[in-house]
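Visitor: For the protein sequence lines, the chains are Y and A, in the order given. Just so you know, the first sequence maps onto residues 1472 to 1539 in our numbering. Just so you know, the second sequence maps onto residues 5 to 207 in our numbering. I'd like to ask some things about the structure below.
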Amino acid sequence: MKNRLRVLRAERRWSQAVLAQHLDVSRQSINAIETGKYDPSLPLAFAIARLFEGRIEDIFDDELEKQE
Amino acid sequence: MTARKRLFFMQLAGLILAFLVLEWLAGVFTARASLPYALSLLAYILPTLPLFGIIPLSLNYTNNNPDLPLSAHRMAPVRRYMVRMGVSMFFYVIILMASIVALDRFELSVQIKALLAVLTALPIGGIIWAVSRLIADPDVDEFERMIMTRSVMASAALTFFFAAIWGFLENFAEAPDFPLYLVVVVYFGLFGLVQPFVRRGFR
């Protein structure tokens, strides 16, 4: 799933490892989520949204808007 | 490959080499000298000690791996897995060696031999249980869990596939008998081999 995680991370000048530590996940998870190859679980998606003080739909784009 | 990784694999290879050399020496030694049962058992069991060094080695590696900055809470399932694996391996080695030497030394009835066979296989169930518990552990990183789950499925599927191919090779083309217990070894070997490929798909 497309997402703005890389941009949000860059804004805070965090490395993938730092973001991984904030979320208590492996660095590989962050990489796979950023490249859109892995969709995080709902709890992890909420944790990401909470960390960046936004809503899940502000960060993840399920491309529904394109279909409309 | 980083220096850390190279060192880890070299230490790993060293431990396995030490095991093989010591086990070979034990074979030569027990064949030459006619030892009592307990002593020849000891001669076979002692060389397996380096194998258990794999556990602290792996723990140390995963703990300091800069690529895997896992918190203590994420390391706990790995520790539990290593302990379960170590206990199972310990019993496997002891029971296997005891069975081999007992079969070699004593005239046993078929019932006792069957009992020894089942007893030897029991710790393998423990190893499978340890892997299953690791995957089911809620403290395991969800991405890592997905990689492991996919690897288990892929290696099981490949094992069945190879078993089917070999079965037909035996029936049609007089291929040598494949010892069934080695299926477990093939399965765990494939589990290790497919993981990098499964991982690559998510880069």
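Glycine is no exception: its CB is placed at the ideal position from the N, C-alpha and C atoms.
By the DSSP assignment, the alpha helix (DSSP H) with A/G129 in it spans what residues?
Guide: Element bounds for A/G129: 114 to 140.
Visitor: Closest to A/I131 by CA distance: which of A/F12, A/R154, A/M93 is it?
Guide: The shortest Cα separation from A/I131 among A/F12, A/R154, A/M93 belongs to A/M93.
Visitor: Excluding sequence positions up to five away, which residues of its chain have a Cβ less than 7 Å from the Cβ of Y/E1539?
Guide: Reliability of the predicted coordinates at Y/E1539 is poor, the pLDDT of 49 falling under 50, and no value is obtained from them.
Visitor: Using the three-state DSSP reduction, which class does Y/D1510 fall into: helix, strand or coil?
Guide: The answer is coil: DSSP assigns Y/D1510 none of H, G, I, E or B.
Visitor: When DSSP labels each residue in this structure, what does Y/D1532 get in the three-state scheme?
Guide: Strand at Y/D1532.
Visitor: Check each residue of the region 140 to 159 of chain A: if its Cβ is closer than 9 Å to any Cβ of chain Y, include it; give the result in chain order.
Guide: Residues passing the 9 Å Cβ filter: D145, E146, F147, E148, M150, I151.
Visitor: Would A/A30 pass as a contact of A/Y41 if the rule is Cβ separation under 9 Å?
Guide: The answer is no: Cβ separation not under 9 Å.
Visitor: State the CB to CB distance for the pair A/E148 and Y/S1486, rounded to an integer number of angstroms; the pair is presumed to be in contact (CB under 8 Å).
Guide: Between Y/S1486 and A/E148 the Cβ distance is about 19 Å, and since that is not below 8 Å, they are no contact.
Visitor: Could you tell me how far apart the beta carbons of Y/L1530 and Y/R1475 are, in whole angstroms, since I believe they sit closer than 8 Å?
Guide: In the sequence under discussion, the amino acid at residue 1530 of chain Y is Ile, which differs from the Leu named in the question. Correct: roughly 5 Å between the Cβ atoms.
Visitor: Check the Cβ of A/F206 against every Cβ in chain Y and list those closer than 7 Å, keeping chain order.
Guide: Simply A1503, K1508, Y1509.
Visitor: Looking only at C-alpha atoms, which of Y/L1522, Y/Q1499, Y/D1532, Y/R1483 sits nearest to Y/H1493?
Guide: Ranking Y/L1522, Y/Q1499, Y/D1532, Y/R1483 by Cα distance to Y/H1493 puts Y/L1522 first.
Visitor: If contact is defined by three or more beta carbon pairs under 8 Å, each pair taking one atom from either stretch, is the region 183 to 199 of chain A in contact with the region 149 to 166 of chain A?
Guide: The region 149 to 166 of chain A is in contact with the region 183 to 199 of chain A.
Visitor: For Y/K1473, which residues does DSSP report across the bridge?
Guide: According to DSSP, which records beta bridges pairwise, Y/K1473 is partnered with Y/D1532.
Visitor: Which term fits A/V105, buried or exposed, when burial requires 16 or more other beta carbons within 10 angstroms of its beta carbon?
Guide: Under this definition A/V105 is a buried residue.
Visitor: Is DSSP giving Y/E1539 helix, strand or coil here?
Guide: Note that Y/E1539 scores 49 on pLDDT, short of 50, meaning its location in the model is unreliable; the coordinates nonetheless yield the value given after this. Reduced to three states, the DSSP call for Y/E1539 is coil.
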